[in-house]
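All letters in the sequence shown, in the order written, are residues -26 to -1, 1 to 334 by mature numbering (1 follows the signal peptide of the UniProt record, and there is no 0).
Just below is one structure, and these are the notes that go with it.
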Amino acid sequence: MRSKQFLQAMTMLCLILFCSKLKSQAAFNKELPKDFTDQFTQEINDSIPSIGSFIVSQNNKVIYEQYFHGANKETIFSIKSVTKSIVSVLAGIAQDKNILPNLNTPVLKILPEYNVSRSSFKNISNIEGKAAHDSIRNTLTLKNLLTMQGGFDWIENSKISTAMSFSGDPVKFVLDLPFEEYPGTVFNYNSGETHLFGAALAKVVKTSLKQFAADNLFKPLKINTPRWDTDSMNRNIGGSEMFMKPEDMLKFGLMILNNGKLGGKQIVSSKWIQESTLEHVKLDSWDVMPDANGYGYYWWRRKTNGHQAFVATGYGGQLICIIPDLKIVIVTTCFLNDKNKGRTEIKRLHYFIDKMTKRN
């Protein structure tokens, strides 16, 4: 008798919880009120003079789509470091194909042509320090690079990152940098490390990153990427310089939301999506990322009104924000013009993302 009563009580509890969730979801599914969208559009236009687009999809349906300052559906934007999150997915596809080595593999095992010890040269200055650097460099793994824990002495958006981009071989440039920390110990955002990871990934897939992406990611998603710039060695830049339309960014975000699947086709395994968006690095504050709570494999993590979000972030306000429990994807783009405030735009845009997720 008691077991029957217990079963009835548990059934009622499950029904209450399920109905409550449905009610909450249904409330969020309501069409956006015109007064809300009008005010939202005006405010974002006034607050971010460089804004190009702001798109919100929920349950695979676009519920808000607005273009600004002459942009339209066909406008192509430089998505900057959103490229990094795409490279993360390319790594997952390579792993699914069993061609990506274990992530604990030292990167110089994949790029042995760069494993030249300075101790082999005679009469060079500070031979002890350079030999010690070489020994540390040999411990640098793919996972260290994927989680921005390479340990190099690096300041993003500084003279050193400019020097890398102008160098004859940016991969060699990064590998020759001194270490400030041991690999795998400290998070330091470093686009040079992403370029190094991209070079290693291109080596294992035996083609350019652009071609591998076209064959295995963009064609299945029906995405057109008219341009992905290269370095002086003709390697696609692993951390930036991809160009895309906002609606194609949305397709990519929807694929992430649906655990690697879009249109019934599994593009990358759900296992990789889950692994790559986990908190691999503890990060509870970041100047342009309010309510940050970690970093994955080139994915930022933050909370928006208590909901976990995974964010692909690009300089100047290029964002793909995925909020799984709300079934929402938000895409933003900004023009990289003289009105753009750089990284400040990212923080402003998260304010508007939070307005969207709080509207009920």
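Note that the Cβ used here is the ideal one computed from N, Cα and C, for glycine as well.
Keep in mind that this is a model prediction, so the values were computed, not measured.
According to DSSP, Tyr41 shares a beta bridge with Ser27.
Looking at the backbone, the Cα of Asn210 and that of Ser165 are separated by about 13 Å. Beta-bridge pairing by DSSP links Trp274 to Tyr269 and Val285. DSSP places Leu293 inside the beta strand (DSSP E), whose first and last residues are Gln292 to Ile297.
Taken atom to atom, the span from the alpha-carbon of Ser21 to that of Arg322 is near 8 Å. In terms of CA proximity to Leu191, Lys225 leads the group Leu77, Thr136 and Lys225. Under the three-pair Cβ rule at 8 Å, the region 293 to 308 counts as touching the region 30 to 43.
Closest by C-alpha distance to Thr115, out of Arg201, Leu77 and Ser206, is Leu77.
Comparing C-alpha distances from Asp265 to each of His281, Ile241, Met330 and Phe10 shows the shortest one belongs to His281. For the region 154 to 232, the full-length beta strand (DSSP E) segments reaching 3 residues or more read 216 to 218 along the chain. Here Lys239 has Pro194 as same chain residues with Cβ atoms under 7 Å from its own Cβ, once five neighbours each way along the sequence are excluded. Lys54 sits away from Thr168, with the two beta carbons spaced by 7 Å or more. In the structure shown, Thr115 falls within a strand segment according to DSSP collapsed to helix, strand and coil.
Secondary structure at Leu149: helix, using DSSP grouped into helix, strand and coil. By the Cβ neighbour-count rule, Asn208 is exposed, with fewer than 16 other Cβ atoms within 10 Å of its own. Inter-residue distance for Gln123 and Asn162 is about 6 Å (C-alpha atoms, whole angstroms). Non-local C-beta neighbours of Lys117 in its own chain, meaning closer than 7 Å and more than five positions away in sequence, comprise Leu77 and Asn78, ordered along the chain. Inclusion of Arg276 and Ala283 in the CB contact set at 7 Å is warranted, their separation being smaller than that value. Scanning Ile296, Lys313, Lys133 and Tyr271 for the CA closest to the CA of Gly290 turns up Lys313. Straight across, the Cα-Cα distance linking Gly212 with Pro80 is about 18 Å.
In the structure shown, Phe309 adopts coil according to DSSP, grouped into three states. By the neighbour-count criterion, in which a residue is buried when 16 or more other Cβ atoms sit within 10 angstroms of its Cβ, Glu319 is buried. Classified as exposed, Ile73 has fewer than 16 neighbouring CB atoms from the shown chains inside 10 Å of its CB.
Among the bridge pairs identified by DSSP, Ser52 is matched with Phe217.
Assignment of Ile73 by DSSP, reduced to helix, strand and coil, places it in the coil class. According to DSSP, Val36 shares a beta bridge with Ser31. Taken through DSSP and simplified to helix, strand or coil, Pro264 comes out as coil. Around Asp328, the same chain offers Thr278 and Asn279 as residues with beta carbons nearer than 7 Å, after the five sequence neighbours per side are excluded.
Using a Cβ distance threshold of 7 Å, Leu183 and Ala176 count as a contacting pair. Contact between Thr136 and Pro220 does not hold, since the beta-carbon distance rounds to 28 Å and is not under 8 Å. In its chain, beyond the 5 residues on either side, Thr199 have a beta carbon closer than 8 Å to the beta carbon of Ala188.
Taking the Cα positions, Val63 is about 11 Å away from Asn233.
With a cutoff of 7 Å on beta-carbon distance, Leu231 and Ile134 are scored as not near each other. Your pair Val242 and Asp12 does not check out as a contact, with CB atoms roughly 38 Å apart and the cut at 8 Å. Judged by their CB atoms, Met330 and Val30 are nearer to each other than the 7 Å cut-off. When rounded, the separation of the alpha-carbon atoms in Phe10 and Leu151 is 51 Å.
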